[in-house]
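Notes to accompany the following structure.
Protein chains in written order, with the working numbering: chain E, 1 to 371; chain U, 372 to 649.
Spelled out as structure tokens, the structure:
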């Protein structure tokens, strides 16, 4: 019985259907706003990349470029946002906003959006970005496009957010004509940040937190940064292996090359399914979509399942015994040969050329997760 | 007893989807329909909580009549009940309109079977890839939202507290929240079980409950289906395969020479500058 009462007490009567709060005239919505994501006062790269692209959109719309920074001790980030292109930065800085939590963060976003009326709101398509954007767009309500890889605006001031669909086989442009702001999350690594310019000036507007500490029931107990977390999506260099790698030992060879290049190790689905390496290394349809600056594919035949996840890399090197392997069609450089000979030779040659500058300190690098 | 709702979607197996080169449209014909992977991780977690604490597990899905197969599969794995929300008027929904209908459905599940303690969704679907419906449902039902859950560390039924590990890009976050919560499941959460023999036998006879628009008293028709979807698809196109002039490096002068040659060529491109090697 006590349980039942507890359940009833926690159940408010939510209004499932949400309507915009009275406003139907969107003409006074103006500006492009980027929600900056940070942890411990350090911004995620995607936030600055997004400011870079949004600068272009804002200029095209002849509208201000806005940034929203939420956190604790994040004053510095407001200045950084200006140096990266923002005209005005809203800052909500408070101890209870130290860790990201959906409710207090979305309340600040909703307040800023309703008060200052940006016509476009963008954030990174990171886990946190998707968590936050999904909540905000529902509350407002408005349309939200996920994981965009191309952005533009048209003469009707509509955001055209394009995104891959069906595992990158198709691209679709999504529009939201009905509501403002138009929202999208944007994939990391697609756009480039503007060069840092601390001579730029901008306005900083302080925003109060919208929930008091005792109203927030969710508690972040701790964050365990995982050095071991493979970060394929942010990696600038990926050395990936497939069936041809033959087993966990083969991946050690790739790891040595990745280490010299300061990169991460990737894998095809087959290599993961054979249990040679963990899923978090997997590139392709059921793994990660990556676009590093350099992708080295060793012993990977190049099935669609894999290539959809890596074909947008800037430079691709393929190493395969089979001269007919489809992977060569995607590669800028190809070597037909035995990866067990070619990869160590590359490791040695790269080490001579770039190794000293590039190699990351041992403690700083992601250890390989072979099984 | 815990009451857990699991939201599932029947999706085309994206591995099998091809593009018609003439029309640039998807060839859906003959593509097998499966239960979205991550939704099965949600179901598995609900079922393992049922094994440990005792729970009622209700699976809900919005989709065409043929999606009853997905619900039968969930029943064969151990779910108690499956509800299919199906009506032509729901078709064409984007994530906003979908979260509206799913939220209404969860509310109706509560009316029929009692208050819900947890809702599971997959982190995203294979066909939509947005991950937006989970947060949308949480928002509409005013549930605590715990996305990308890879582990339930602790569940205290008396204090109605749950501690979960959230799987983020750069690490793991341990979060404590109060029930009721909505969680979205990642693949790392568990390995979905196979159907048991009794489960298969039950599922063979089982008819999922079907709710249409007429079953929701307060349904606002302006918020469902295509009409209730603020996002519209402008155009779709097949990304052009970059025409790449592949430079083949021969091994005739030996492997070391080939390696040096390749790196020499790389250094004549923009790559070293991009990577800060220059």
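Ideal Cβ positions, reconstructed from N, Cα and C, are used throughout, including at glycine. This structure is a prediction, so every number in the text was calculated from the model and none was measured.
Listed by chain order, chain U residues near residue i by CB distance under 7 Å
i	result
residue 330/E	615
residue 150/E	Within chain U, no residue comes near residue 150/E; the closest Cβ sits about 10 Å away, beyond 7 Å.
residue 178/E	601
residue 211/E	Simply none; closest approach about 13 Å.
Listed by chain order, chain U residues near residue i by CB distance under 8 Å
i	result
residue 104/E	What residue 104/E touches in chain U: nothing, since even the nearest Cβ is about 12 Å away.
residue 141/E	467 and 601
residue 219/E	546, 547 and 548
Own chain partners of residue i with C-beta closer than 6 Å, once the 5 adjacent residues on each side are dropped
i	result
residue 220/E	99
residue 203/E	88
residue 392/U	none
residue 71/E	38 and 97
residue 7/E	Bear in mind that a pLDDT of 47 at residue 7/E, under 50, signals an unreliable position, so the number given afterwards is only what the model happens to contain. The answer is none, since no qualifying residue turns up.
residue 522/U	536
Cut-off 8 Å between Cβ atoms - residues of its own chain near residue i, not counting five sequence neighbours on either side
i	result
residue 331/E	297, 316, 317 and 318
residue 3/E	Its pLDDT being 45, under 50, residue 3/E is placed unreliably in this model, and the value from its coordinates should be taken loosely. For residue 3/E, where only same-chain residues beyond five positions count, there are no Cβ hits under 8 Å.
residue 637/U	643
residue 283/E	232, 238, 240, 266, 267, 268, 289, 290, 306, 309 and 310
Which residues DSSP lists as bridging residue i, in chain order
i	result
residue 70/E	92/E
residue 397/U	390/U
residue 264/E	238/E
residue 374/U	427/U
residue 618/U	333/E
residue 602/U	176/E
residue 319/E	298/E and 335/E
residue 152/E	160/E
residue 35/E	68/E
residue 200/E	Paired residues: none, contrary to the question.
residue 433/U	456/U
residue 522/U	536/U
residue 225/E	542/U
residue 556/U	493/U and 520/U
residue 206/E	91/E
Contacts that residue i makes with chain E (C-beta to C-beta distance below 8 Å)
i	result
residue 525/U	Correct list: empty, because the minimum Cβ distance to chain E is about 10 Å.
residue 565/U	Residues of chain E passing the Cβ test: none, with the nearest at roughly 18 Å.
Close Cβ partners of residue i (< 7 Å) along its chain, the five nearest in sequence each way excluded
i	result
residue 583/U	457 and 458
residue 620/U	629, 632 and 633
residue 11/E	Unreliable placement is indicated for residue 11/E, whose pLDDT of 49 sits below 50; no coordinate value is reported for it.
residue 197/E	83
residue 192/E	49 and 52
Three-state secondary structure (DSSP) of residue i
i	result
residue 459/U	helix
residue 501/U	coil
residue 288/E	strand
residue 582/U	strand
residue 185/E	strand
residue 219/E	strand
residue 573/U	helix
residue 490/U	strand
residue 415/U	helix
residue 379/U	coil
residue 2/E	Since pLDDT at residue 2/E reaches only 41, below the 50 mark, its modelled position is unreliable, and the value read off the structure follows with that caveat. Helix at residue 2/E.
residue 547/U	strand
residue 30/E	coil
residue 114/E	helix
residue 473/U	helix
residue 442/U	helix
Chain E residues whose Cβ lies nearer than 7 Å to that of residue i
i	result
residue 594/U	17
residue 392/U	Ordered by position in chain E, no residue passes the 7 Å Cβ test against residue 392/U, which lies about 11 Å from the chain.
residue 464/U	In chain order: nothing, as chain E lies at least about 12 Å away.
residue 507/U	134 and 138
Interface partners of residue i on chain U, CB under 9 Å
i	result
residue 279/E	558 and 559
residue 156/E	Within 9 Å Cβ-Cβ: nothing; residue 156/E doesn't reach chain U, min ~12 Å.
residue 282/E	Residues of chain U passing the Cβ test: none, with the nearest at roughly 10 Å.
Interface partners of residue i on chain E, CB under 9 Å
i	result
residue 609/U	169, 170 and 171
residue 562/U	Ordered by position in chain E, no residue passes the 9 Å Cβ test against residue 562/U, which lies about 11 Å from the chain.
Discussion item. Counting beta carbon pairs with one atom in the stretch 562-581 of chain U and one in the stretch 433-445 of chain U, are three or more of them shorter than 8 Å?
Written reply: yes
Worksheet item: Taking contact to mean at least 3 C-beta pairs separated by less than 8 Å, is the stretch 523-532 of chain U in contact with the stretch 561-574 of chain U?
Response: no
Discussion item. Counting beta carbon pairs with one atom in the stretch 90-107 of chain E and one in the stretch 148-163 of chain E, are three or more of them shorter than 8 Å?
Written reply: no
Item to complete: Please determine if the stretch 41-49 of chain E and the stretch 76-91 of chain E are in contact, where contact requires at least 3 C-beta pairs separated by less than 8 Å.
Response: yes
Worksheet entry | Cβ pair count under 8 Å reaching 3, the stretch 99-116 of chain E against the stretch 241-260 of chain E | no
Practice prompt. Kindly confirm or deny that the stretch 405-420 of chain U and the stretch 543-560 of chain U touch, where touching means at least three C-beta pairs closer than 8 Å.
Written response: yes
Discussion item. Would you call the stretch 237-252 of chain E in contact with the stretch 48-57 of chain E, where contact means no fewer than 3 C-beta pairs closer than 8 Å?
Written reply: no
Worksheet item: Do the stretch 594-603 of chain U and the stretch 467-477 of chain U meet, that is, are 3 or more Cβ pairs less than 8 Å apart?
Response: yes
Worksheet item: Taking three-plus beta-carbon pairs below 8 Å as touching, is the stretch 378-390 of chain U in contact with the stretch 402-411 of chain U?
Response: yes
Worksheet item: Using 8 Å as the Cβ pair cut-off and three pairs as the minimum, do the stretch 531-543 of chain U and the stretch 126-136 of chain E touch?
Response: yes
Discussion item. With three or more C-beta pairs closer than 8 Å as the rule, is the stretch 320-338 of chain E touching the stretch 288-302 of chain E?
Written reply: yes
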